[in-house]
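For the record, the sequence lines run as chains L and G.
Note that the working numbering numbers the first sequence so that position 161 is 162, with each residue one more than the last.
Note that the working numbering numbers the second sequence so that position 199 is 916, with each residue one more than the last.
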Amino acid sequence: MNTIYFDNSASAIPCAQALGVFAETAKIYANPSSLHSAGLHTRRLIEDARAKVAAGFRCQSGELVFTSGGTESNNTAVRGLAHKNRRAGNVVVTTRAEHPSVVSTALALEREGYETVFIASPGGVPDLNELESVLKSKKVCLVTLMQANNQNGAVTDLKEVRGVMDSTGTGALLHSDCVQSFLKLPEESASDAVRFCDSASVSAHKIGGVKGTGALFVRKGIAIPALMTGGEQENGVRPGTENVAGICAMAEAVAHYGAAERAKVAKLREYVIDSLREQLGENVVITEPPRHIDSLFNMALVNVKSEVALNYLNSVGVCVSSSSACSSKAKTNAALASMGYGAEYERSALRIGISPYNTKEECDLLVAALKGALAFRIKGK
Amino acid sequence: MQYVIVLKYGEIVLKGLNRSRFEQMLLKRVRLSLKRLPGSYDIRSAQSTIVIHGDENADMLLAAERMKKVFGIVSVCVGYECEKDMDSIRALVREKARELVAGAKTFKCVAKRSDKDFPYISPQICELCGAEVLSAVRGIKVDVESPEAVVTVEIRDRAAFIHGRGAKGAGGMPTGTNGRALLLLSGGIDSPVAGHMVAKRGVYISALYFESPPYTGEAAKEKVASLAKVIASYTGTVTLYTVSVTEIQSEIAEKCEERMFTLILRRFMMRLAQETARRAECTALITGESLGQVASQTMEAIVCTDALAQMPVFRPCIGLDKEEIIQIARRIGTFDISSLPYEDCCTVFTPRHPKLDPTVEELEAEEAKLDIRGLTERAMQTLSFIRVHGDERLNG
């Protein structure tokens, strides 16, 4: 059975060129910190890759630290910035709709005397009025808000967030988890993260790279403390021998995710949503936030539990997820619950993640499979 | 110096004329659970004790871990062997004293003299060996009431053994000495505990899982296989049967009164389990029911499911509180697996207000709306099985 893969927001179909680069660079064994020519050659590969990823991010090469992925980037940023900016206050402001690597890290900081304030995030977009009042009433060291929500794709305007922060005169720093939004936003807002944030996280395997690689943008002039000790790699922020193949593959994936890919994803999304509305009618509820990325959307099949839909789709070879993959082992999805869609929707919520490598035919099969799952409705449950 | 493992058996020693049958079965179980380990092992039994020697490749500590999961053994001691003369014994105790007391501040010596011809009596052995420990371990004191460490010297027919305080064995009776039973294994906390409790009494366990695709998925099935694997780590191998009840559930949901969904389904499970048991050559069923825990486990509900029983149904958790069941689950290693969240087939169609005091007549009246025979036969056509081995290397 062929797999029809629409779980690209959990981990995307890799880009063929990136896989090619990965296989090639995996053969290079010299340590990039070694001083012989082979080592220096490896070092150059990493620096070339850094320049490419920085170009995708619209930042300078020197502002980019390679990590093992989004979770590590978020941990480094949230912990690091909170520690660094402790003088400004002990309050970390975020929302329950954030990825667990942000929420759990903020909560872990409470053991060190920090306080976490969760502001409301209806529909996955933080309430900026509440942000303003928290900034005015508390001593905040860090605000951390994701750019695109990983459950429903809702986009937060980081320029507005920065505006609110500036208007209050807060000394807080701003971090953004950009794992879902990286390369997925239109040209005019592509540089928002690096323009308005002090740090931002991205991950390679959401854009066609391989797992185990990510990056953290840290604004020039901010010396972020490292989570680990034991080496001076990545400006001392991320000790350990670099994942050369993963980094080079990430750069290649960045180079192959541009306007054409975004346009293709937008087209496929429109096609899937139109077909679903046309074929499933009132049996489907689709969540489309006013500002959103095109690569993912959230939906519910009325009266079909997420897990049941997932099992059925799996049995016909279609992969989607019931929630963010990082939290699918939890009984309830706290992030989705915080967005206010109601218990009934939550029970049936599905997340569809679209890649530029999906095809129209696959979209047809996805819609047909979702229609098939309606056979397993349980009324009143 | 290579370790020696000394195993003590429990209840078997109370057996009369057929004791040797139990001993033979226990030896077989010991042999089987060492079969895949590196090296080779010499296993001998005498005087209610099994002694295991290994060759130079043997991993005696791993072997000892395995022995803790063999039913029929009450204690597992890892120690050393030497000639049966007092000088050798004292020299060995001196050499191994620090290891045997393992950092304890107090100890006592215990001597077991099953060879009554040995020229020293037990108190003398204790005194001489205790003196060796005192001189070899600086600062240690004797405490005969509640010592932190115990150094045991056993004088047996062929050799002497010294070892520290033994670890507790799994207890019970050797697997295979008490027939075969079919465990109704859901993904919950209770049923694996029930399976373990009955297995401990020497029963060879097969298991039956009711799936309900697509209401239940692959992850739930893998969870059940992991639970079966834990049981198999005690009994060797578990044959895990699977029957789909999707059609039965859909029919019940469509045709029967909602309040009775769960009980009608459970009665179907009873029919399917007995048919599976017959095919699997099992002569009893095991369930994880605990009286009054949920609506389908009230006295009245159990009367209704039991009304269909044509073979004994063992319910070892019947008198246990949830907390007691959880304690056992944690000890045997099933709790964390059972706590994974996947749906099981009972939770999908759970009625909002289940009937608490059903009667067999009421249920039969509801069931009359269904083609019981057809549904049961078609469900049995979905029967499949996998063999789950306790030894990781055999799965795959």
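Each residue gets a CB set at the ideal place from its N, CA and C atoms; glycine is no exception.
Rounded separation between Met-695/G and Arg-873/G - CA only: No answer is possible for residue 695/G: the residues shown for chain G start at 718 and end at 1113.
Between the C-alpha atoms of Pro-1068/G and Ser-961/G, what's the straight-line distance to the nearest angstrom? For the purposes of this step, residue 1068/G is taken as the residue at position 351 of the second sequence. For the purposes of this step, residue 961/G is taken as the residue at position 244 of the second sequence. Their backbone Cα atoms lie some 20 Å apart in a straight line.
Rounded C-alpha distance that separates Ile-857/G from Lys-833/G: For the purposes of this step, residue 857/G is identified with residue 140 of the second sequence, where counting begins at 1. For the purposes of this step, residue 833/G is identified with residue 116 of the second sequence, where counting begins at 1. Counting only the Cα atoms, Lys-833/G lies some 31 Å from Ile-857/G.
Mind checking which residues open and close the beta strand (DSSP E) that includes Asp-759/G? Walking along the second sequence from the start, residue 759/G turns up at place 42. It spans 758 to 763 - the beta strand (DSSP E) in which Asp-759/G sits, taken as one unbroken run.
By how many angstroms is the C-alpha of Arg-87/L removed from the C-alpha of Ser-105/L? Against the first sequence, residue 105/L aligns to sequence position 104. Against the first sequence, residue 87/L aligns to sequence position 86. Inter-residue distance for Ser-105/L and Arg-87/L is about 19 Å (C-alpha atoms, whole angstroms).
Does Ala-374/L have its Cβ less than 9 Å from a Cβ in chain G? Taking the first residue of the first sequence as position 1, residue 374/L is located at position 373. Yes, Ala-374/L lies at the interface with chain G (some Cβ there is under 9 Å from its Cβ).
What residue ranges within the segment 722 to 794 of chain G form continuous alpha helix (DSSP H) runs of no fewer than 4 residues, ordered along the chain? Segments of the alpha helix (DSSP H) lying fully in the segment 722 to 794 of chain G: 736 to 751 and 777 to 784.
Beta carbon of Thr-214/L: closer than 8 Å to some heavy atom of the ligand PLP? This structure simply doesn't include the ligand PLP, nor any ligand for that matter.
Proximity test, Cβ basis, 9 Å: Val-309/L and chain G: Translated into the one-based positions of the first sequence, residue 309/L becomes position 308. Chain G contact via Cβ: present.
Assuming Ala-155/L contacts His-293/L under a Cβ cut-off of 8 Å, what Cβ separation, rounded to an integer in Å, is found between them? Counted from its first residue, the first sequence places residue 155/L at position 154. Counted from its first residue, the first sequence places residue 293/L at position 292. Cβ atoms of Ala-155/L and His-293/L come within 8 Å of each other, at about 6 Å.
Below 8 Å, can you find three or more Cβ-Cβ pairs linking the segment 45 to 64 of chain L to the segment 242 to 252 of chain L? Yes, they touch.
Contact list for Glu-935/G against chain L, beta-carbon separation under 9 Å: In the second sequence, counting from the first residue as 1, residue 935/G sits at position 218. The CB of Glu-935/G comes closer than 9 Å to the CB of Asn-312, Asn-315 and Ser-316 in chain L, given here in chain order.
Cutting at 7 Å between CB atoms, please list the residues of its own chain near Asn-774/G, excluding the five before and the five after it. Here residue 774/G refers to the residue found at position 57 of the second sequence. Only residues of its own chain outside the window of five on either side were considered, and among them Pro-755 and Gly-756 have a CB closer than 7 Å to the CB of Asn-774/G, listed in chain order.
Using a Cβ-Cβ cut-off of less than 8 Å, list which residues of the segment 925 to 951 of chain G approach chain L; keep chain order. Result list: Pro-930, Pro-931, Tyr-932, Thr-933, Gly-934 and Glu-935.
Name the residue from Phe-1066/G, Val-854/G, Ala-1018/G and Gln-1010/G whose alpha carbon lies nearest to the alpha carbon of Glu-1041/G. Walking along the second sequence from the start, residue 1041/G turns up at place 324. Nearest option by C-alpha distance: Gln-1010/G.
Could you tell me whether the Cβ of Met-977/G comes closer than 9 Å to any Cβ of chain L? For this step, residue 977/G is matched to residue 260 along the second sequence. Closer than 9 Å: no.
Check whether the Cβ atoms of Val-94/L and Val-141/L lie closer than 9 Å to each other. Along the first sequence, one-based indexing puts residue 94/L at 93. Along the first sequence, one-based indexing puts residue 141/L at 140. Yes. Within cutoff.
Can you round the beta-carbon distance between Leu-957/G and Leu-1080/G to whole angstroms, since I take them to be within the 8 Å contact cut? Counting from one through the second sequence, the residue named residue 957/G turns up at place 240. Counting from one through the second sequence, the residue named residue 1080/G turns up at place 363. The C-beta separation of Leu-957/G from Leu-1080/G comes to about 29 Å, leaving the pair out of contact by the 8 Å criterion.
Element boundaries [beta strand (DSSP E), containing Ser-1101/G]: Reading the second sequence from its first residue, position 384 is the one you call residue 1101/G. Element bounds for Ser-1101/G: 1101 to 1106.
Can a CB atom of chain L be found closer than 9 Å to the CB of Ala-1012/G? Sequence index remark: in the second sequence, residue 1012/G carries index 295 (1-based). It does not; no Cβ of chain L falls within 9 Å.
Taking just the CA atoms, how far does Asn-359/L sit from Asp-365/L? As a first step, residue 365/L must be located in the first sequence, where it is residue number 364. As a first step, residue 359/L must be located in the first sequence, where it is residue number 358. Distance from the CA of Asp-365/L to the CA of Asn-359/L, rounded to the nearest whole angstrom, comes to 11 Å.
Counting only the same chain and skipping the five closest in sequence on each side, list residues whose C-beta sits under 8 Å from that of Ser-329/L. Taking the first sequence and counting its residues from 1, one reaches residue 329/L at position 328. With a pLDDT of only 49 at Ser-329/L, under the threshold of 50, the placement of this residue in the model should not be trusted, and no figure is reported.
Within the segment 1011 to 1056 of chain G, ranges of the alpha helix (DSSP H) (whole runs, at least 4 residues): Taking only runs of at least 4 residues, the alpha helix (DSSP H) segments lying wholly in the segment 1011 to 1056 of chain G are 1016 to 1023, 1039 to 1049 and 1052 to 1055.
In three-state terms, what does DSSP make of Gly-354/L? Locating residue 354/L in the first sequence gives position 353, where the first residue counts as 1. Strand, per DSSP.
Is Lys-53/L close to chain G, meaning its C-beta is less than 9 Å from at least one C-beta of that chain? Position 52 of the first sequence, counted from the first residue, corresponds to residue 53/L. Put simply, the CB of Lys-53/L is far from chain G, with every gap to its CB atoms at 9 Å or more.
In terms of residues, what are the limits of the alpha helix (DSSP H) holding Leu-314/L? By 1-based counting over the first sequence, the position of residue 314/L is 313. From DSSP, the alpha helix (DSSP H) with Leu-314/L extends over 307 to 316.
Interface flag, Thr-4/L vs chain G, CB-CB below 9 Å: Your numbering for residue 4/L matches position 3 in the first sequence. It does not: the Cβ of Thr-4/L has no partner Cβ on chain G nearer than 9 Å.
Inside the segment 948 to 1020 of chain G only - alpha helix (DSSP H) runs reaching at least 4 residues: For the segment 948 to 1020 of chain G, whole alpha helix (DSSP H) runs of length 4 or above, ordered along the chain, are 963 to 972 and 978 to 996.
Closest Cβ-Cβ distance between Ala-1096/G and chain L: below 9 Å? Position 379 of the second sequence, counted from the start, is the residue given in the question as residue 1096/G. Output row for Ala-1096/G: interface = no.
Does Gly-213/L come out as helix, strand or coil in the three-state DSSP assignment? On the first sequence, position 212 is the one that residue 213/L refers to. Under the three-state reduction of DSSP output, Gly-213/L falls in the coil class, being neither helix nor strand.
So that I know if they touch, is there some Cβ in chain L lying closer than 9 Å to that of Tyr-720/G? Translated into positions along the second sequence, residue 720/G becomes position 3. Judged by the 9 Å Cβ criterion, Tyr-720/G is not in contact with chain L.
Comparing alpha-carbon positions, which option in Leu-146/L, Lys-139/L, Ala-83/L and Ile-248/L lies nearest Glu-25/L? For this step, residue 25/L is matched to residue 24 along the first sequence. Of the listed residues, the one whose Cα sits closest to Glu-25/L is Ile-248/L.
Tell me the DSSP secondary structure of Cys-846/G in three-state form. As a first step, residue 846/G is located in the second sequence; it is residue number 129 there, counting from the start. Three-state DSSP puts Cys-846/G in a helix.
Express the C-alpha separation of Thr-894/G and Val-723/G in angstroms, rounding to a whole number. Position 6 of the second sequence holds residue 723/G. Position 177 of the second sequence holds residue 894/G. Spanning the alpha carbons of Val-723/G and Thr-894/G requires a straight line of approximately 22 Å.
Between which two residues does the alpha helix (DSSP H) carrying Ile-1089/G extend? Locating residue 1089/G in the second sequence gives position 372, counting from the first residue. Residues 1089 to 1098.
Any beta carbon of chain G sitting closer than 9 Å to that of Lys-306/L? Against the first sequence, residue 306/L aligns to sequence position 305. Closer than 9 Å to some Cβ of chain G, the Cβ of Lys-306/L qualifies, so yes.
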